[in-house]
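One structure below.
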Amino acid sequence: MPLKYLIAALFAFFCTFVKAQDVTDCEKLLDTEPYFVRHKGTDKDSLLQKDIRILKHCGNFESIDSVFLKGPMLGALMLDQVRIGKPATYRTLIEYFAAFKKTLAYKDFVKGLVLYKEMAAKKVNLDNWDADKELFVRMGFTAGDLEDFKGFLAGVASENLTYKAALTRYMSEIEAMRVDK
């Protein structure tokens, strides 16, 4: 019987030790310089991926924040923070994101990203244009741009395209018409 208690106590100690080690590791890592600060890594770069894992593990990131967790984006954000006198550490980025997430700009960004993802999968339907055009307004389309795009959509409506595919084709056609190419 005492052997069971000894095993249970060792297991509890081990679990506590592992959890405490995890916290300690984050505290140690947060004040170190990420790999991407001095290296231009690719998406497949294992050391850049390690930086991203550290940020995800030690920071309070949600799945929608993954668009920020790319090498070039992290580098640009870190550079902005270093220029204002902050150290180039994981902690600097995590604190930046914590503050950014409290802003109206972040909430607006999330709303726009969710809308973009919905529109990427949504089929063109001119009957719903008044509701669907919100993304394009957010993208900076003027009233004239919206009318031109709506006219383009009327021409491709029978092709069963998504808004993303239609926008890609529309932009390609505009690019082809440029005279300054």
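Throughout the sequence shown, residue numbering follows mature numbering (1 follows the signal peptide of the UniProt record, and there is no 0), covering -20 to -1, 1 to 161 in sequence.
Here a beta-carbon is modelled for each residue, glycine too, at the ideal position from N, C-alpha and C.
In the displayed model, Thr122 falls within coil according to three-state DSSP, outside both helix and strand.
When C-beta atoms of the segment 66 to 82 are compared with those of the segment 12 to 20, three or more pairs fall below 8 Å, so the two segments count as touching. Counting other Cβ atoms within 10 Å of its Cβ, Asp107 stays below 16 and is therefore classed as exposed.
Excluding five sequence positions before and after Lys102, the CB atoms of its chain that fall closer than 8 Å to its own CB belong to Asp112, Thr142, Tyr143, given in chain order. By the Cβ test, the segment 25 to 38 is not in contact with the segment 59 to 69, since fewer than three Cβ pairs between them sit closer than 8 Å.
In the DSSP assignment, Glu75 falls within the unbroken alpha helix (DSSP H) covering 70 to 80. Distance from Lys130 to Trp109 at the Cβ level is roughly 6 Å; contact confirmed, criterion being Cβ atoms closer than 8 Å. A straight line joining the alpha-carbon of Arg118 with that of Phe89 spans about 10 Å. Thr142 is bridged by DSSP to Lys103.
Assignment of Pro14 by DSSP, reduced to helix, strand and coil, places it in the coil class.
The C-beta separation of Ala146 from Val136 comes to about 6 Å, placing the pair in contact by the 8 Å criterion. Met58 and Asn140 have their C-alpha atoms spaced approximately 42 Å apart. For Arg158, there is no enclosing alpha helix (DSSP H), since its DSSP letter is neither H nor E.
In this chain, the alpha helix (DSSP H) harbouring Ala56 covers 51 to 63. When DSSP states are grouped into helix, strand and coil, Thr83 belongs to the coil group.
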